[in-house]
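Protein chains: 2
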Amino acid sequence: MPRQITSFSNETVKRLRGLRDKKVRKGEGLFLAEGLRILAEARDSGMLPEIIAYSAAAGVHPLAAEIIAAAEARGADVIETTPDILSKMSGKDNPQAILGAYRQPDMALAAIDRAAAPLWIVAQALRDPGNIGTILRTGDATGAGGLILIDDSADPWSVEAVRASMGAIFTQTVASARWEEFIAWLREGPGQLVGTSLNTSHDYLDPDYDQPCFLLIGNESQGLPPSYEAECDLLVKMPMLGRADSLNAAVAAAVMAFHVRASWRNRS
Amino acid sequence: MPRQITSFSNETVKRLRGLRDKKVRKGEGLFLAEGLRILAEARDSGMLPEIIAYSAAAGVHPLAAEIIAAAEARGADVIETTPDILSKMSGKDNPQAILGAYRQPDMALAAIDRAAAPLWIVAQALRDPGNIGTILRTGDATGAGGLILIDDSADPWSVEAVRASMGAIFTQTVASARWEEFIAWLREGPGQLVGTSLNTSHDYLDPDYDQPCFLLIGNESQGLPPSYEAECDLLVKMPMLGRADSLNAAVAAAVMAFHVRASWRNRS
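Residue numbers (this note's numbering), protein chains in the order written: chain U, 1004 to 1271; chain F, 1004 to 1271.
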């Protein structure tokens, strides 16, 4: 049975609240996801939270009740609490009525089966967790297998990234690696590494893209290091018709991912 | 000559700081832009700030000195201040060394010359100022003429929107209108209104897009109201290959804008 908790100093409340901090997330190996829609996405992808906090202030949605029951049956810690306390945990003024703490999956490259999808997104040193979440959401929409985070990156398990992913954090494989490690892994099997760059005359609309295609997106302010570009099988440029010389990283990833998918549409 | 200001209670400091508030921005008719890169973009687009604050703590870049001199010559209020005070104004821990307050341009539809560009982006009830800025940046990259904000929208003059636009706030025309007003204006001249929707079987890759094309993007969580979809000349769907049923609004705008441009590439 759920425990009723109305105290901010309760241990489970403090533990959940702590998960907004990267070090605590890393230590616990857990991350927070909020809202029935995302918790249902997780359940449909085979994942249940280890801790759930919810408010019954506006009633409990039948789907929420199902997830709570399923998680309890698997030994989850479940607390019923107040909107105020949920607000403190999520850092939002208008919190969702339910949130869960999930186990972070293994982020080793070895967890990736490159044959499982024709498209993978690789992002280097992303700084903005919202961009990571948005790229995961785009990956889900374009049938990518997942996202490989290269070098030091914002935390994909942060509340902001999970929120922006709209549930795709549960459907996309997420891996993390240093560049050298990634290149060594990539070259062990098939895969075309495609970088987006200003330092090329190849328009992104022209090439035939291979499968699996690994789309490499550079850091928000610096773009890709020259030595990383040199390693790519193909560099392509998205034409910039205005005064700006770059795109938002999540936008660049999406335009490339949708175009590559579209280029395969009439493939036999 | 710039005045040296080191007091948080100085009137110009308070005035600039106040511009982070929407009501104050509206009352003053000004907005804040930060950073030499964006101020240079503004200058190259013919706009100079009415107020400038900068720090000489790390020296003054020659380009900053040029902009400061040009603005002063036009009667701008210029203050030299501390990084701490700049931080208070911008709300950032590591503030840019220069910021300016600019006059908000007229946002009436009448300010738009639809013949000036083949592509315009129209966004309905956007809630996230970051999305507005990102869409402006995409509009610049795809040669759009500007962004028309429909109904109640986040403020394009907010610090977050200006920052995400990376200077495109100065190169794109920004207008604001109620839906009925927009439709009446649109139908007075040429223009194909293209909505993105799940309620159609038309894949976005198939149609011939007319010029000028008005791309209509729906609110982040609700999408377009059915009555707005009914008004579109064309509804198209971006295929969703995963579990998610929607895209980030700025991503949807970018994928459509880049595709429409690409579809025109071989046009005579």
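Every residue, glycine too, gets a C-beta built ideally from N, C-alpha and C.
Which class does residue i belong to by DSSP, given the choice of helix, strand or coil?
{"i": "residue 1176(U)", "result": "strand"}
{"i": "residue 1013(F)", "result": "coil"}
{"i": "residue 1231(U)", "result": "helix"}
{"i": "residue 1094(U)", "result": "coil"}
{"i": "residue 1123(F)", "result": "strand"}
{"i": "residue 1268(F)", "result": "coil"}
{"i": "residue 1037(F)", "result": "strand"}
{"i": "residue 1008(U)", "result": "coil"}
{"i": "residue 1133(F)", "result": "helix"}
{"i": "residue 1047(U)", "result": "helix"}
{"i": "residue 1031(F)", "result": "helix"}
{"i": "residue 1143(F)", "result": "helix"}
{"i": "residue 1117(U)", "result": "helix"}
{"i": "residue 1154(U)", "result": "coil"}
{"i": "residue 989(F)", "result": "Residue 989(F) lies beyond the residue range present for chain F, which begins at 1004 and ends at 1271; the question has no answer from this structure."}
{"i": "residue 1023(F)", "result": "coil"}
{"i": "residue 1106(U)", "result": "strand"}
{"i": "residue 1056(F)", "result": "strand"}
{"i": "residue 1201(U)", "result": "coil"}
{"i": "residue 1244(F)", "result": "coil"}
{"i": "residue 1083(U)", "result": "strand"}
Can the beta-carbon of residue i be found less than 8 angstroms from the beta-carbon of residue j?
{"i": "residue 1053(F)", "j": "residue 1080(F)", "result": "yes"}
{"i": "residue 1171(U)", "j": "residue 1164(U)", "result": "no"}
{"i": "residue 1045(F)", "j": "residue 1138(F)", "result": "no"}
{"i": "residue 1260(U)", "j": "residue 1141(U)", "result": "yes"}
{"i": "residue 1231(F)", "j": "residue 1127(F)", "result": "yes"}
{"i": "residue 1107(U)", "j": "residue 1149(U)", "result": "no"}
{"i": "residue 1223(F)", "j": "residue 1130(F)", "result": "yes"}
{"i": "residue 1034(F)", "j": "residue 1188(F)", "result": "no"}
{"i": "residue 1195(U)", "j": "residue 1237(U)", "result": "yes"}
{"i": "residue 1167(U)", "j": "residue 1136(U)", "result": "yes"}
{"i": "residue 1043(F)", "j": "residue 1019(F)", "result": "no"}
{"i": "residue 1266(F)", "j": "residue 1162(F)", "result": "no"}
{"i": "residue 1254(F)", "j": "residue 1253(U)", "result": "yes"}
{"i": "residue 1227(U)", "j": "residue 1178(U)", "result": "no"}
{"i": "residue 1151(F)", "j": "residue 1173(F)", "result": "no"}
{"i": "residue 1215(F)", "j": "residue 1120(F)", "result": "yes"}
Mind pulling the chain F residues with CB within less than 9 angstroms of residue i?
{"i": "residue 1044(U)", "result": "1246 and 1247"}
{"i": "residue 1171(U)", "result": "1245, 1246 and 1247"}
Going by other Cβ atoms of all chains shown within 10 Å of its Cβ, with 16 needed for buried, is residue i buried or exposed?
{"i": "residue 1056(F)", "result": "buried"}
{"i": "residue 1122(F)", "result": "buried"}
{"i": "residue 1134(U)", "result": "buried"}
{"i": "residue 1211(U)", "result": "exposed"}
{"i": "residue 1004(F)", "result": "exposed"}
{"i": "residue 1007(U)", "result": "exposed"}
{"i": "residue 1076(F)", "result": "exposed"}
{"i": "residue 1016(F)", "result": "buried"}
{"i": "residue 1051(F)", "result": "buried"}
{"i": "residue 1264(U)", "result": "buried"}
{"i": "residue 1225(F)", "result": "exposed"}
{"i": "residue 1271(U)", "result": "Since pLDDT at residue 1271(U) reaches only 49, below the 50 mark, its modelled position is unreliable, and the value read off the structure follows with that caveat. Exposed, since its Cβ has fewer than 16 Cβ neighbours within 10 Å."}
{"i": "residue 1118(F)", "result": "exposed"}
{"i": "residue 1100(U)", "result": "buried"}
{"i": "residue 1229(F)", "result": "exposed"}
{"i": "residue 1193(U)", "result": "exposed"}
{"i": "residue 1012(F)", "result": "exposed"}
Given that residue i touches chain F, what residues does it touch there, using C-beta distances under 8 angstroms?
{"i": "residue 1254(U)", "result": "1137, 1140, 1141, 1253, 1254 and 1257"}
Taking the alpha carbon of residue i as the point to measure from, which residue in the options has its own alpha carbon closest?
{"i": "residue 1104(F)", "options": "1023(F), 1230(F), 1176(F) and 1238(F)", "result": "1023(F)"}
{"i": "residue 1268(U)", "options": "1146(U), 1124(U) and 1090(U)", "result": "1146(U)"}
{"i": "residue 1091(U)", "options": "1179(U), 1010(U) and 1218(U)", "result": "1010(U)"}
{"i": "residue 1180(U)", "options": "1203(U), 1102(U), 1115(U) and 1021(U)", "result": "1115(U)"}
{"i": "residue 1125(F)", "options": "1183(F), 1083(F) and 1218(F)", "result": "1218(F)"}
{"i": "residue 1205(U)", "options": "1213(U), 1235(U), 1240(U) and 1184(U)", "result": "1240(U)"}
{"i": "residue 1274(U)", "options": "1143(F), 1155(F) and 1258(F)", "result": "With chain U covering only 1004 through 1271, there is no way to say anything about residue 1274(U)."}
{"i": "residue 1249(U)", "options": "1220(U), 1235(U) and 1233(U)", "result": "1220(U)"}
{"i": "residue 1059(F)", "options": "1047(F), 1049(F) and 1039(F)", "result": "1039(F)"}
{"i": "residue 1048(U)", "options": "1247(F), 1258(F) and 1251(F)", "result": "1247(F)"}
{"i": "residue 1102(U)", "options": "1071(U), 1132(U) and 1109(U)", "result": "1071(U)"}
So which residues of chain U does residue i contact, with C-beta pairs closer than 8 angstroms?
{"i": "residue 1268(F)", "result": "1208"}
By the criterion of Cβ-Cβ separation under 7 angstroms, what are the contact partners of residue i in chain F?
{"i": "residue 1144(U)", "result": "1243, 1244, 1245, 1247 and 1250"}
{"i": "residue 1265(U)", "result": "1208"}
{"i": "residue 1174(U)", "result": "1245 and 1246"}
{"i": "residue 1185(U)", "result": "What residue 1185(U) touches in chain F: nothing, since even the nearest Cβ is about 23 angstroms away."}
Using a Cβ cut-off of 9 angstroms, pull out every chain C residue sitting near residue i, in sequence order please.
{"i": "residue 1011(U)", "result": "This model lacks chain C altogether, as its protein chains are U and F."}
Could you list which residues in chain U have their beta carbon closer than 7 angstroms to that of residue i, in chain order?
{"i": "residue 1217(F)", "result": "Simply none; closest approach about 17 angstroms."}
{"i": "residue 1034(F)", "result": "Per Cβ cutoff of 7 angstroms: no residues; residue 1034(F) is ~19 angstroms from chain U at best."}
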